[in-house]
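A quick write-up on the structure given underneath.
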Amino acid sequence: QEALLTIVEVLLYDPLFDWTMNPLKALYLQQRSEDEADVSSNFSSADQGCNKKANGENQLFNKVAERVLIRLQEKLKGMEEGTVLSVAGQVNFLIQQAMDPKNLSRLFPGWKPWV
1 QEALLTIVEV
11 LLYDPLFDWT
21 MNPLKALYLQ
31 QRSEDEADVS
41 SNFSSADQGC
51 NKKANGENQL
61 FNKVAERVLI
71 RLQEKLKGME
81 EGTVLSVAGQ
91 VNFLIQQAMD
101 PKNLSRLFPG
111 WKPWV
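1 is the number of the first residue of the sequence shown in the UniProt record's numbering; add one for each residue after it.
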């Protein structure tokens with residue numbers, strides 16, 4: 001438990017790790033960097049503005065990362081929906097989540113309950 005939390009805390013403060021990256025954002029950034037590679041310019045004022053914006057975004061990312069860390073700590077303690085569950089309680093909770101039709105429909109895009 002402590003080893004896992006230590007690793008996640010290291011990632012929390014890693015400036016190279018983006019907690020909010022998704023496939024669409026990654027594709028956009030990749031395409032944008034290819035376009036910008038063709039045009040090189042040296043605008044120091046624009047660079048400073050980008051750095052300020054990046055610092056603000058990093059603070060937002062750290063808040064997301066901290067929420068993830070807090071949720072991980074809760075899960076390791078067995079907390080679900082504000083109550084501490086035993087091992088058997090956690091297993092039952094996971095089984096109920098696995099059988100929930102709302103989760104099934106999100107899991108499998110071809111799921112059709114009417115068929």
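Just so you know, even glycine gets a beta-carbon here, dropped at the ideal spot from N, CA and C.
In this structure, glycine 82 sits away from glycine 89, with a CB-CB distance that is not shorter than 9 Å. Linking leucine 29 to proline 23 through their CA atoms gives a straight-line distance of about 10 Å. Counting the other Cβ atoms within 10 Å of the Cβ of alanine 65 gives 16 or more, which makes it buried.
Spanning the alpha carbons of lysine 112 and arginine 106 requires a straight line of approximately 11 Å. In this structure, DSSP gives glutamate 80 an extended state, which the three-state scheme calls strand. Taking 9 Å as the cut-off, the Cβ atoms of leucine 4 and leucine 72 count as close.
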